[in-house]
Amino acid sequence: MAHAHRTSMGLDSRKMAFWAFIGSECLLFGSLISTYLVYKGRSLVGPYPHEILNIPFTSFSTFDLLMSSLAMVLALAAVQRGDMKQGKLWLLVTALLGLVFLGGQFWEFSHFVREGLGLTTNLFGSTFYVLTGTHGAHVTVGVIWLLTLWVQALRGKLGPGQAMTVEITGLYWHFVDVVWIVIFTVVYLIQ
Amino acid sequence: MSEQAHATTGTYLRVAAILVMVTLIEVGVFYVPAFHTVLVPVLLVLSAFKFALVVMFYMHLKFDSRFFAFLFGGPLLLALAVVVSLLFIFYGALRLRTGV
Chain F
1438 MAHAHRTSMG
1448 LDSRKMAFWA
1458 FIGSECLLFG
1468 SLISTYLVYK
1478 GRSLVGPYPH
1488 EILNIPFTSF
1498 STFDLLMSSL
1508 AMVLALAAVQ
1518 RGDMKQGKLW
1528 LLVTALLGLV
1538 FLGGQFWEFS
1548 HFVREGLGLT
1558 TNLFGSTFYV
1568 LTGTHGAHVT
1578 VGVIWLLTLW
1588 VQALRGKLGP
1598 GQAMTVEITG
1608 LYWHFVDVVW
1618 IVIFTVVYLI
1628 Q
Chain D
1329 MSEQAHATTG
1339 TYLRVAAILV
1349 MVTLIEVGVF
1359 YVPAFHTVLV
1369 PVLLVLSAFK
1379 FALVVMFYMH
1389 LKFDSRFFAF
1399 LFGGPLLLAL
1409 AVVVSLLFIF
1419 YGALRLRTGV
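For the record, the sequence lines run as chains F and D. Residues in the first sequence are numbered from 1438 upward in steps of one, following my numbering. Residues in the second sequence are numbered from 1329 upward in steps of one, following my numbering.
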């Protein structure tokens, strides 16, 4: 790393701060998931979850996000060993898989709106859109971050010396993935 | 407490294969009526397993400093406590009102 910022414990200060940030994000998503569960099954009008949720489609989105996590660790491994050709490739693959997920979410939301489920239609609509929309916003930030790194790599400004930057980006991306693992189970599979 | 070397590419690929297989099992369990009585606990266990795999191997918590595990695990446990407490409060209150 070009400019190492070590704490008195010998740990990278940026990485430590980022783990603390991820901890705070656990509380954010914990509160949103709690809200969804508390209001689950209390909608007075439809559409209800079992009428509208598309499990095969969402399973594909889950597969897509899991594969993006694999691409992210492969990007980090490539950057750490100085193989920037592979590093650029896997960073781009990760960002593209993130874009595919976002496209799927856009299609899903559009479909739900056409089916009559808006943000204020019922409790399911409100809690569903806020929870999955917040997650989608996190994915969007992740995709922009990944593309920024990819452009930096193309311009030759990303190398093994900046591996910690890629690792921190990866921490964010994998966190977005684990949040989706929980959402897929709690919202889609446990109806 | 120091940061250590990460897993190998082979480990990453094996973890990805396990994650895909567990996801297929989750979807399979959802569609098989025989599993519907145990659907919730089975899905929660499988989801927790996937969560742990990603955090340990892809986020490198298995190989990194335990302090990072503390920074992540502490708020995670607090978030879980919030979820469980709110469910008890709301469903407990509902049961008191309805008498069910």
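Every residue, glycine too, gets a C-beta built ideally from N, C-alpha and C. Keep in mind the model is a prediction, meaning the values are calculated, not measured.
Euclidean distance between Cα positions of residue i and residue j
i, j, result
"residue 1446 of chain F", "residue 1601 of chain F", "17 angstroms"
"residue 1551 of chain F", "residue 1381 of chain D", "37 angstroms"
"residue 1444 of chain F", "residue 1467 of chain F", "29 angstroms"
"residue 1423 of chain F", "residue 1362 of chain D", "The structure shown does not extend to residue 1423 of chain F, since chain F spans only 1438 to 1628, so no value can be given for it."
"residue 1517 of chain F", "residue 1597 of chain F", "5 angstroms"
"residue 1458 of chain F", "residue 1537 of chain F", "26 angstroms"
"residue 1573 of chain F", "residue 1539 of chain F", "7 angstroms"
"residue 1338 of chain D", "residue 1400 of chain D", "26 angstroms"
"residue 1336 of chain D", "residue 1356 of chain D", "30 angstroms"
"residue 1525 of chain F", "residue 1453 of chain F", "26 angstroms"
"residue 1618 of chain F", "residue 1343 of chain D", "15 angstroms"
"residue 1428 of chain F", "residue 1442 of chain F", "Nothing about residue 1428 of chain F can be reported from this structure: the residues present for chain F run from 1438 to 1628 only."
"residue 1529 of chain F", "residue 1624 of chain F", "30 angstroms"
"residue 1330 of chain D", "residue 1578 of chain F", "Caution applies to residue 1330 of chain D, whose pLDDT of 46 falls short of 50 and renders its modelled position unreliable; the model cannot decide the point."
"residue 1415 of chain D", "residue 1474 of chain F", "7 angstroms"
"residue 1549 of chain F", "residue 1571 of chain F", "17 angstroms"
"residue 1465 of chain F", "residue 1451 of chain F", "21 angstroms"
"residue 1615 of chain F", "residue 1546 of chain F", "21 angstroms"
"residue 1566 of chain F", "residue 1455 of chain F", "27 angstroms"
Chain-ordered neighbours of residue i on chain D, where CB pairs are closer than 7 angstroms
i, result
"residue 1500 of chain F", "1348, 1351"
"residue 1456 of chain F", "1396, 1399, 1400"
"residue 1598 of chain F", "In chain order: nothing, as chain D lies at least about 16 angstroms away."
"residue 1568 of chain F", "None at all; the shortest Cβ gap to chain D is about 12 angstroms."
Beta-carbon proximity list for residue i, same chain, < 7 angstroms, skipping 5 on both sides
i, result
"residue 1472 of chain F", "1564"
"residue 1589 of chain F", "1595"
"residue 1510 of chain F", "1607"
"residue 1350 of chain D", "1374, 1377, 1378"
"residue 1512 of chain F", "1524, 1527, 1528, 1531, 1603"
"residue 1484 of chain F", "1552, 1553, 1554"
"residue 1396 of chain D", "1389"
Close beta carbons around residue i, own chain, < 8 angstroms, minus the five adjacent residues each side
i, result
"residue 1358 of chain D", "1367, 1371"
"residue 1534 of chain F", "1501, 1502, 1504, 1505, 1508"
"residue 1347 of chain D", "1378, 1381, 1382"
"residue 1613 of chain F", "1502, 1572, 1575, 1576, 1579"
Within chain F, partners of residue i - CB distance below 8 angstroms
i, result
"residue 1402 of chain D", "1460"
"residue 1384 of chain D", "Correct list: empty, because the minimum Cβ distance to chain F is about 11 angstroms."
"residue 1337 of chain D", "1511, 1514"
"residue 1368 of chain D", "1627"
"residue 1418 of chain D", "1475"
"residue 1379 of chain D", "1615, 1618, 1619"
Cβ neighbour criterion (16 or more within 10 Å) applied to residue i
i, result
"residue 1403 of chain D", "buried"
"residue 1420 of chain D", "exposed"
"residue 1522 of chain F", "exposed"
"residue 1385 of chain D", "buried"
"residue 1387 of chain D", "buried"
"residue 1593 of chain F", "exposed"
"residue 1413 of chain D", "exposed"
"residue 1482 of chain F", "exposed"
"residue 1611 of chain F", "buried"
"residue 1543 of chain F", "exposed"
"residue 1407 of chain D", "buried"
"residue 1460 of chain F", "buried"
"residue 1364 of chain D", "exposed"
"residue 1562 of chain F", "buried"
"residue 1405 of chain D", "exposed"
"residue 1360 of chain D", "exposed"
"residue 1391 of chain D", "exposed"
"residue 1557 of chain F", "exposed"
"residue 1470 of chain F", "buried"
"residue 1581 of chain F", "exposed"
"residue 1398 of chain D", "exposed"
Close Cβ partners of residue i (< 6 angstroms) along its chain, the five nearest in sequence each way excluded
i, result
"residue 1541 of chain F", "1498"
"residue 1560 of chain F", "1476, 1479, 1480"
"residue 1621 of chain F", "1499"
"residue 1487 of chain F", "1628"
"residue 1439 of chain F", "Residue confidence for residue 1439 of chain F is low, a pLDDT of 48 falling below 50, so the modelled location carries little weight and cannot support an answer."
Neighbour list for residue i in chain F, Cβ cutoff strictly below 7 angstroms
i, result
"residue 1358 of chain D", "1492, 1626"
"residue 1362 of chain D", "Those within 7 angstroms of residue 1362 of chain D in chain F number zero; the least Cβ separation is about 16 angstroms."
Per-residue contacts from residue i into chain D (C-beta, under 8 angstroms)
i, result
"residue 1521 of chain F", "Simply none; closest approach about 16 angstroms."
"residue 1533 of chain F", "Those do not exist, as residue 1533 of chain F stays about 17 angstroms from chain D at its closest Cβ, beyond 8 angstroms."
"residue 1541 of chain F", "The contacting residues do not exist; residue 1541 of chain F stays about 15 angstroms from chain D at best."
Chain-ordered chain D contacts of residue i [CB-CB under 9 angstroms]
i, result
"residue 1503 of chain F", "1344, 1347, 1348, 1351, 1378, 1382"
Original post:
Given a limit of 7 angstroms on CB to CB distance, which residues of the stretch 1471-1492 of chain F reach chain D?
Top reply: 1471, 1474, 1475, 1492
**OP:** Note down, in chain order, all residues in the stretch 1572-1588 of chain F with a beta-carbon under 8 angstroms from any beta-carbon belonging to chain D.
**Re:** none
Original post:
Going along the chain, which residues of the stretch 1550-1566 of chain F sit with their C-beta nearer than 9 angstroms to a C-beta in chain D?
Top reply: none
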